[in-house]
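For reference, the structure discussed in these notes is given below.
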Amino acid sequence: MTYVILHALAPIFVIMVLGYFAGKTKMVENQNVSLLNVFVMDFALPAALFTATVQTPWLGIVGQSPLILLLVLTMWITYAALYFLCTKVFKKSPQDAAVLTLTVALPNYAALGLPILGSVLGENAGTSLSVAVSIACGSVLMTPFCLLILEREKARESGESHGSALTMLPILMWRSIKKPIVWGPLLGVVLSAIGIKMPDIVLASIKPLGLAATASALFLTGVILSARKLRINAAVLIACLTKNVIQPFIALGLVMAFGISGEVAITAVLMIALSAGFFGIVFGNRFGVQSPDAEASLLISSILAILTLPLFISLTASMH
């Protein structure tokens, strides 16, 4: 099992190290990564998320509603608690807090979901569907929180903010929905719900973009990391503890509270037990927000997953 986890995590480290090397040696400009960010955030990731959601049968999504409930509740609880802690205790700016909390609250479903879940439950259509649903949950029901905060603070800094955040909500939501990273997966879910099947030629046309999404996002993260000094502080330690230990136990608690067992329970706990995701960092960079704590948390959480994932795999073994 340790080999499987290392095998799944290895590409993350290798691609991030390549990005780090490219940034450090100035093969890629690490102070201005806007071009790379546009490719990742506006093209590659939206294409990957759209493909994943539009190819997920609507009946399959509905059938996975217990899994969706568990994942969303766990991610929302984590996001709310950590955002409060970051802004009230660690006195972080709303932008920095939003980036860090999304990095922690949204696991790395895209890169680790299938390898880990497949090794435990077997790689089959059901496993692939569960991973696709997890990705959809994160992209449609989690990322807008971060985007709304980043848009709100951007509006305030530019002097466009008039009135309370509540009165600005429709404008902020529209700005968020207009971004491909949000409307891409959302469009996929809507098309799946109304039964529209995308022509094979369309899916084949955007498939190369989707295949490049995870690798390019990890490479970009490595480039961003190359411009910073890794700092470990109380916020980073709490973020990593939350991601790798507390959040999976929240999922385990919800599984027990709702009386859910079997593959749904195992899937929910293991998906949440994955290491921190890269979405928060690339989102922040798109808005010019740098969060060294989020970057450190991503790196340390990925290393810690080598130890914590076997723990939760063992804890879920009795749920079969």
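Be aware that the sequence shown starts at 402, since it is given in this note's numbering, and climbs by one per residue. Beta carbons are placed, not taken as given, at the ideal position from N, Cα and C, and that holds for glycine.
Asked: Exposure label - F485; buried when at least 16 CB within 10 Å; Found: exposed
Asked: C-beta contact flag for A636 and C487 at 8 Å; Found: yes
Asked: Which listed residue (A506, T615, A718, K492) has its alpha carbon closest to that of I416; Found: T615
Asked: Three-way DSSP call (helix, strand, coil) for P495 in this model; Found: helix
Asked: Coarse secondary structure for P508, derived from DSSP in three states; Found: strand
Asked: Reference T457; option with closest CA among L549, V532, L612, A512; Found: V532
Asked: Cα-Cα separation between L588 and V455, rounded to whole angstroms; Found: 8 Å
Asked: Inter-residue Cα distance where the pair is S698 and G685; Found: 14 Å
Asked: Separation of V429 from A498, as counted between CA atoms; Found: 28 Å
Asked: Contacting residues, own chain, Cβ-Cβ under 7 Å from A669 (five flanking each side not counted); Found: L468, L471, L472, A652, V656
Asked: Cα-Cα separation, N431 to T622; Found: 10 Å
Asked: heavy atom of the ligand ADP below 7 Å from L612 C-beta; Found: Absence of the ligand ADP is noted for the structure shown, with no ligands found whatsoever.
Asked: Per-residue DSSP class, three states only, for A677; Found: strand
Asked: Identity of the residue in K492, H408, L513, I536 nearest P447 by Cα; Found: I536
Asked: As assigned by DSSP and simplified to three states, the class of M428; Found: coil
Asked: Span of the alpha helix (DSSP H) around R553; Found: 544-558
Asked: Beta-carbon separation (whole angstroms), L548 vs K580, contact threshold 8 Å; Found: 7 Å
Asked: Beta-carbon separation (whole angstroms), G678 vs N509, contact threshold 8 Å; Found: 4 Å
Asked: When L675, G663, L626 are compared against Q648, the one with the closest alpha-carbon; Found: L675
Asked: Nearest-angstrom Cα separation, counted from M442 out to L542; Found: 17 Å
Asked: Nearest-angstrom Cβ-Cβ length linking L610 and A445, presumed shorter than 8 Å; Found: 5 Å
Asked: Inter-residue spacing [alpha-carbon to alpha-carbon] between L515 and G560; Found: 44 Å
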